[in-house]
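Going by the UniProt record's numbering, 252 is the number at position 252 of the first sequence; the sequence numbering is gapless. Idealized CB from N, CA, C, for every residue including glycine.
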Amino acid sequence: MKLVSWNINSIRQRHEHVQAFLTKEQPDWLFLQEIKCQNEQFPKETFEEMGYQVIVHGQKAYNGVAILSRHPYQLNHVVLPDLNEEEPQARYLEIESQGVILCNLYLPNGNSGGEEGFQRKLHFINALIKRAETLLINKQDCIFAGDFNICPTDQDFAPKTLSENDALIRTESRNGFYRLLWLGLTDALRALYPTETLYTFWDYTRGAWQRNAGLRIDHALLSPKMAEQLKSFTIEKSERDKEQPSDHVPIIIEF
DNA sequence: ATGCCCCCAAACTGGGGA
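#1: Tell me which residue opens and which closes the alpha helix (DSSP H) that Asn175 is part of.
#2: Taking the runs of the beta strand (DSSP E) that are 3 residues or longer, which of them lie wholly in the segment 38-110?
#3: Helix, strand or coil for Glu254, going by three-state DSSP, please let me know.
#4: Once you ignore the five residues that flank Cys37 on each side, which residues in its own chain have a CB closer than 7 angstroms to its CB?
#5: Thinking Gly146 and Leu105 are a contact (beta carbons under 8 angstroms), I'd like their distance in whole angstroms, please.
#6: Using the Cβ count rule (16 or more neighbours within 10 Å means buried), how would you classify Glu34?
#7: Since Val67 and Leu93 are thought to touch, with beta carbons under 8 angstroms apart, how far apart are those beta carbons, to the nearest angstrom?
#8: Should Arg240 go down as buried or exposed, given a rule of 16 or more other Cβ atoms within 10 Å for buried?
#9: Given a threshold of 16 other Cβ atoms within 10 Å of its Cβ, counted over all protein chains shown, does Lys121 qualify as buried or as exposed?
#10: With DSSP run on the structure shown, which of helix, strand or coil describes Phe201?
#11: What residues in its chain sit with their C-beta under 7 angstroms from that of Gln155, if we drop five residues either side in the sequence?
#12: Whole angstroms are fine: how far does the CA of Ile137 sit from the CA of Thr205?
#13: So, with DSSP's three-state summary, where would you put Gln33?
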C-alpha cells in the first residue's frame, strides 16, 4: 500500500508533473495541497483516464486540497468537524478507503494576517487534535498527512532560514504537533530516520534549493496499527530539480 | 540582497500569500 502527499502549488501549472509522477510511482492514493483552483477548474479527466477517482475540495485562487484514489472510497469530511461553521478556506479532505481513514490537510501558514492569522492556525491545529482524538478513541486506523506548516524541532529547518518568532517554529505551533504525537500518532519519517537532517520544502528565493536551505514541514502521522505496518518513507527530491517545480516535493509512504 | 512563483483584479503592473 502506497500513499503520497504533495503540496503542488497550483495544479493547473503542474498537472503534467503529477501525471508523470503517477505513471512512475502508481500510488494507491495521492494527497494534493495548494491546488489553487475551484472544483470545476481541476483537470479531473486527466487523472480519471489513468485509473484514479478524483475528489476535489477547491476554492478560488488559494489553498484547496484533493485526493486521487485507485480504490473505492467514502467521503467523510471536507471541513474539520470542529471548524464547520467558521471555516471559509478549503484546507481539509477526509475519506475512508480500504478500511483506513485518510486525512489530507493543509494547515494555515500563520505568518500573514498578524496575531489573528496566527490564531487561525492554532484553531485549525486544535480542531485537528479533536479529530485525531475521536478517531483514535474509536480504534480507527488512520493517517494524517499533508503540509503542516510546522517544523517540529530545530533540526527541521536549515540555519538562518527562519526568524525565531516565525509561525512555523513558534512554541504554540510545535506544542500542537507534539499533542498529536502524545495522542499516540507516530511521525512516520522520524520512526524510520530518528536523527537525519531531512527537508521537504525549499524556498524559491535566495538559491535555497542549491544551498539545501530547506524545511521539513510535510508530514505523515500514523495511528498505532498503521505505524506497525510502515515499510518506507521517501522524500522524492528529484521533483525539485525538474523544470518549474513546486517548492515542496512529494513524500511517499509505503506500508 | 526577498535573488521566486502563483493568483487575481484590472491592466501590460501591483498587491497578497507563501
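Well, looking at it:
#1: 171-182
#2: 53-57, 65-69, 74-77, 92-97, 100-106
#3: strand
#4: Ile11, Arg12, Gly58, Gly64
#5: 4 angstroms
#6: buried
#7: The amino acid occupying residue 67 in the given sequence is Ile; Val does not appear at that position. Sure, about 6 angstroms apart at Cβ, within 8 angstroms.
#8: buried
#9: buried
#10: strand
#11: Thr197
#12: 43 angstroms
#13: strand
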